[in-house]
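Numbering (the numbering used here), first residue to last: 133 to 390.
Here's what the structure looks like:
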């Protein structure tokens, strides 16, 4: 029987209280040059977290996507200092400046950031066309989490996960094409961002175990409830929802500490 505690909370509009909810995919800081992001500053995001009952977020910058990634990483480090119990910061890098990757990652690690955001499709290239070997090696040596907008083909991701087994690979956006890799590699996880259609979460669970899925909203690029609703309304058990909403990401953060 499908339990309905989370569904009742969703329908009532109440925050999720007393549960571990960790959003694995968020952006902060504003300064996005493609379109306006309302409430993109850290205070606006924390207010939305409180309203929804999100305990913690994994966050990277807006400005680092297409413009100044150093400024963006500074904003994330500031947010981590201001909200150390609520925000886990990742460094964003730009595929067009390979000579700056490692120095910037070193600076960000000293500033308390715990992972790497790759989003080179917004930077004029793709993951498979970019020689990210120094980046992968650095993540592997330092046991870092990497979340990517698009990892390329399942075969490509599988080869990376095998070669860099001490790094964590998170598939940044909803997909079912990586199911075999997720079953095969213990260091690969699937994010729910953005499950757009009814029953997307159920469809994902048909091919992937619940312990391999992490909740992500794309906050504040997308509205917070938009990312939560597909999980809260999914016709699955509350224990599976708990795993997806936060318990899985909590284990990842424990496995890959700063």
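Beta carbons are placed, not taken as given, at the ideal position from N, Cα and C, and that holds for glycine.
Between the stretch 213-222 and the stretch 365-380 there are fewer than three C-beta pairs closer than 8 Å, too few to call the two in contact. Residue 222 counts as buried, since at least 16 other C-beta atoms from the protein chains shown sit within 10 angstroms of its C-beta. DSSP places residue 148 in the coil class of the three-state scheme, outside both helix and strand. Scanning 378, 382, 368 and 319 for the CA closest to the CA of residue 298 turns up 319.
Contact between the stretch 219-236 and the stretch 199-210 is present: 3 or more CB-CB pairs across the two stretches fall below 8 Å. Here the C-alpha atom of residue 246 lies approximately 33 Å from the C-alpha atom of residue 330. A residue is called buried once 16 or more other Cβ atoms fall within 10 Å of its Cβ, and residue 203, having fewer, is exposed.
Proximity to residue 339 across 185, 278, 383 and 307 peaks at 307, based on C-alpha coordinates. A direct Cα-Cα distance of roughly 26 Å separates residue 218 from residue 333.
In the three-state DSSP reduction, residue 190 falls in the strand class (E or B).
Taking the Cβ atoms as the reference, residue 268 lies roughly 5 Å from residue 296, within the contact range of under 8 Å.
Taking C-beta atoms under 8 Å as the contact rule, residue 157 and residue 290 fail to qualify, at a distance of about 22 Å. Runs of the beta strand (DSSP E) spanning 3 or more residues and lying entirely within the stretch 201-257 occur at 219-224 and 247-250, in chain order.
Excluding five sequence positions before and after residue 385, the CB atoms of its chain that fall closer than 7 Å to its own CB belong to 220, given in chain order. Using a Cβ-Cβ distance cut-off of 8 Å, the stretch 138-152 and the stretch 356-365 are in contact, since at least three pairs of beta carbons, one from each stretch, lie closer than that value.
If you look at residue 198, you'll find it in the alpha helix (DSSP H) that goes 195-198.
Counting along the chain, the unbroken alpha helix (DSSP H) around residue 358 starts and ends at 356-364. Selection 310, 151, 180 and 147 evaluated against residue 352 yields 180 as nearest (Cα-Cα).
Relative to residue 282, the option among 310, 275 and 147 whose CA is nearest is 310.
Leaving aside the five residues that flank residue 277 on each side, the residues in its chain whose CB is nearer than 6 Å to its CB run, in chain order, 247, 300 and 388. Shown here for residue 177: same chain residues with a beta carbon closer than 6 Å to its own, the five before and five after excluded, namely 160 and 352 in chain order. Only exposed fits residue 150, as fewer than 16 other CB atoms lie within 10 angstroms of its CB.
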